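Written out below as structure tokens is the structure these notes cover.
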Amino acid sequence: MNDLPDWLRALYPFAPKRFVTPGGANLSYLDEGQGDAAVLMVHGNPTWSFYYRELVKTLAPKRRCIVPDHIGMGLSEKPEHYPYTLKQRIDDVEALIASTGVTQLDLVVHDWGGAIGFGLAARRPDLIRRIVILNTAAFTAPHIPGRIALCKAPVVGPALVRGLNGFAWPATWMAMSRRALSNDESKAYLYPYNNWSNRVAVSAFVQDIPMDDSHPTWATLKAVEQGIGTFHDREVLIVWGGQDFCFNDHFYNEWCERLPQAQKLYLEDAGHYVLDDARGDAVPRICEHLLD
């Protein structure tokens, strides 16, 4: 934390901890607040624990908050060679939670965090109490947007994502709709991804999107998908930005069908980074859901 620039510490005033994953890499994570029951917040691509900063600030006085940076993301180690797969990411989070002594979890998921978080939940349904779903998926989809398909393409994709920062940088404006990120907020999202080496996992996340059963992650994602039905008896809140070009209303409607008991806050004019774009609506509603 001491080596973070002052402008970033002003937005992200936390003291990250370190954990060595089963794959042998150093994972940075937040563990704020106290208690055996925690709120686990799982980010996606190309964000990091910074995405959840306002939720942590609001909840931590009353709830324990655990927020990992996936390997290759955020303040975690960024090895060039690591199993950057959905299975490994679930393994990493599962091992982290086991190390914390937590006995119950409320789960908050966004983007790729949906597949990772529900992957953990499917393995350990006994841990899971309440769930918050933010513009994400945990099931297979037949199509992806053309922009993302281009970033997934061999050779061209890594050149765009790693060479030109053509994934994390566009997200700082494409993921917003109601407002623009401030200069420091944009800098913070991009801070961990400042060169080719540090964008290794941003690219790997895109490459790991399975489009058919020939992809090695397909079976893992199908297992996650099959586990969603386990949580029909849980309290679920869906907070959704309606201006998301990737996780669009098709995904929202599928969540509503898969978890029909869910409460919903549909924000028609908000974008993919719904916690930032609609902070005044989203954060209070999530806290209401998670605080006893």
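All residue numbers for the sequence shown refer to this note's numbering, where the first residue is 218 and numbers rise by one. All residues carry an ideal CB built from backbone N, CA and C; glycine is no exception. Predicted model only: the values in this text are computed from it and were never measured.
Grouping DSSP H, G and I as helix and E and B as strand, with all else coil, what is Arg502? Here residue 502 refers to the residue found at position 285 of the sequence shown. Arg502: helix per DSSP, three-state reduction.
So, does the region 315-328 touch the region 260-272, judging by three or more C-beta pairs under 8 Å? yes
Quick one: give me the first and last residue of the beta strand (DSSP E) that Ser316 is part of. Indexing the sequence shown from 1 puts residue 316 at position 99. That residue, Ser316, is in no beta strand (DSSP E); its alpha helix (DSSP H) goes 303-317.
Can you tell me whether Pro233 is buried or exposed, with buried defined as 16 or more other CB within 10 angstroms of its CB? Here residue 233 is taken as the residue at index 16 of the sequence shown, counted from 1. Under this definition Pro233 is a buried residue.
When you compare only the Cα positions, how much space is there between Ala504 and Val372? Here residue 504 refers to the residue found at position 287 of the sequence shown. Here residue 372 refers to the residue found at position 155 of the sequence shown. The sequence shown places Cys at residue 504, not Ala. Distance between the alpha carbons of Cys504 and Val372: 43 Å.
Less than 6 Å between C-beta atoms, sequence neighbours within five positions excluded: which residues of the same chain meet that for Gly250? Walking along the sequence shown from the start, residue 250 turns up at place 33. If we look at Gly250 and ignore the five residues flanking it on each side, its Cβ neighbours are Ala277, Arg280, Arg281, Cys282.
Starting from the Cα of Asp343, find the closest Cα among Ala355, Ala332, Leu324 and give me that residue. In the sequence shown, residue 343 corresponds to position 126, counting from 1. Per the Cα distances, Leu324.
Return the Cβ separation of Gly289 and Ala388 in integer angstroms, given the expectation that the two are a contact with Cβ distance under 8 Å. Here residue 289 refers to the residue found at position 72 of the sequence shown. Here residue 388 refers to the residue found at position 171 of the sequence shown. In fact, because the Cβ distance is near 16 Å, the residues do not count as touching under 8 Å.
Could you give the residue range of the beta strand (DSSP E) that holds Tyr246? Your numbering for residue 246 matches position 29 in the sequence shown. Per DSSP, Tyr246 belongs to the beta strand (DSSP E) from 243-249.
From what residue to what residue does the alpha helix (DSSP H) around Met391 run? If you number the sequence shown from 1, residue 391 lands on position 174. Segment 385-391, the alpha helix (DSSP H) holding Met391.
In the DSSP assignment, what are the bridge partners of Arg281? Within the sequence shown, the letter at position 64 stands for residue 281. Ala255, per the DSSP bridge assignment.
Taking the beta strand (DSSP E) that Gly458 falls in, what are its first and last residues? Looking up residue 458 in the sequence shown gives position 241. Where Gly458 is concerned, the enclosing beta strand (DSSP E) stretches over 453-458.
Proximity winner among Gly488, Pro300, Pro501, Val453, relative to Leu398 (alpha-carbon distances): Start at 1 with the first residue of the sequence shown, and residue 398 comes out as number 181. Nearest of Gly488, Pro300, Pro501, Val453 to Leu398, Cα basis: Gly488.
What's the C-alpha gap between Trp413 and Pro300? Residue numbering aside, residue 413 sits at position 196 when the sequence shown is read from its first letter. Residue numbering aside, residue 300 sits at position 83 when the sequence shown is read from its first letter. Computed Cα separation, rounded: 18 Å.
State the DSSP-derived secondary structure class of Val417, mapped to helix, strand or coil. On the sequence shown, residue 417 is found 200 positions in, with the first residue counted as 1. Of the three classes helix, strand and coil, the one that applies to Val417 here is helix, per DSSP.
Can you list, in chain order, the residues of its chain with a C-beta nearer than 8 Å to that of Ser394? Leave out the 5 residues immediately preceding and following it. Taking the first residue of the sequence shown as 1, we reach residue 394 at position 177. Within the same chain, Cβ atoms closer than 8 Å to the Cβ of Ser394 are found at Gly458, Gln460, Asp486, Ala487, Gly488, Asp494, the five residues on either side in sequence being excluded.
Nearest to Pro285 by CA position, among Val441, Arg235, Ala366, Ser403, is which residue? For this step, residue 285 is matched to residue 68 along the sequence shown. It is Arg235.
Cβ neighbour criterion (16 or more within 10 Å) applied to Lys481: Taking the first residue of the sequence shown as position 1, residue 481 is located at position 264. Lys481 should be labelled exposed.
Answer yes if the region 354-371 comes into contact with the region 425-440, meaning at least three C-beta pairs across the two stretches below 8 Å, and no otherwise. Here the region 425-440 makes contact with the region 354-371; the two share three or more CB pairs at distances below 8 Å.
Under 8 Å Cβ to Cβ from Met218, same chain only, skipping five residues before and after it: list those, please. Taking the sequence shown and counting its residues from 1, the one referred to as residue 218 is at position 1. With a pLDDT of 44 at Met218, under the threshold of 50, the modelled position of that residue is not reliable, and the figure given next carries that caveat. So the list reads Arg226, Phe231, Ala232, Pro233, once near-sequence residues are dropped.
May I have the straight-line CA-CA distance separating Val378 from Ile365, to the nearest angstrom? Within the sequence shown, the letter at position 161 stands for residue 378. Within the sequence shown, the letter at position 148 stands for residue 365. About 10 Å.
With Lys234 as the anchor, note down where its beta strand (DSSP E) starts and where it stops. Taking the first residue of the sequence shown as 1, we reach residue 234 at position 17. Counting along the chain, the beta strand (DSSP E) containing Lys234 begins and ends at 234-237.
What are the boundary residues of the beta strand (DSSP E) that Arg226 is part of? What you label residue 226 is simply residue 9 of the sequence shown in a count that begins at 1. It is not in any beta strand (DSSP E) - Arg226 instead sits in the alpha helix (DSSP H) that spans 223-228.
What are the start and end residues of the alpha helix (DSSP H) that includes Leu367? For this step, residue 367 is matched to residue 150 along the sequence shown. Start and end: 363-369.
Ile350 beta carbon less than 9 Å from that of Ala479: In the sequence shown, counting from the first residue as 1, residue 479 sits at position 262. In the sequence shown, counting from the first residue as 1, residue 350 sits at position 133. It is a contact, given that the beta carbons lie within the stated cut-off.
So is Thr437 buried or exposed if we call it buried at 16+ other beta carbons inside 10 Å? Within the sequence shown, residue 437 is the residue found at index 220, counting from 1. When all chains shown are included, Thr437 counts as buried.
Taking the beta strand (DSSP E) that Asn167 belongs to, which residues open and close that run? With the chain represented from 218 up to 509, any question about residue 167 goes unanswered, as that position is not in the structure.
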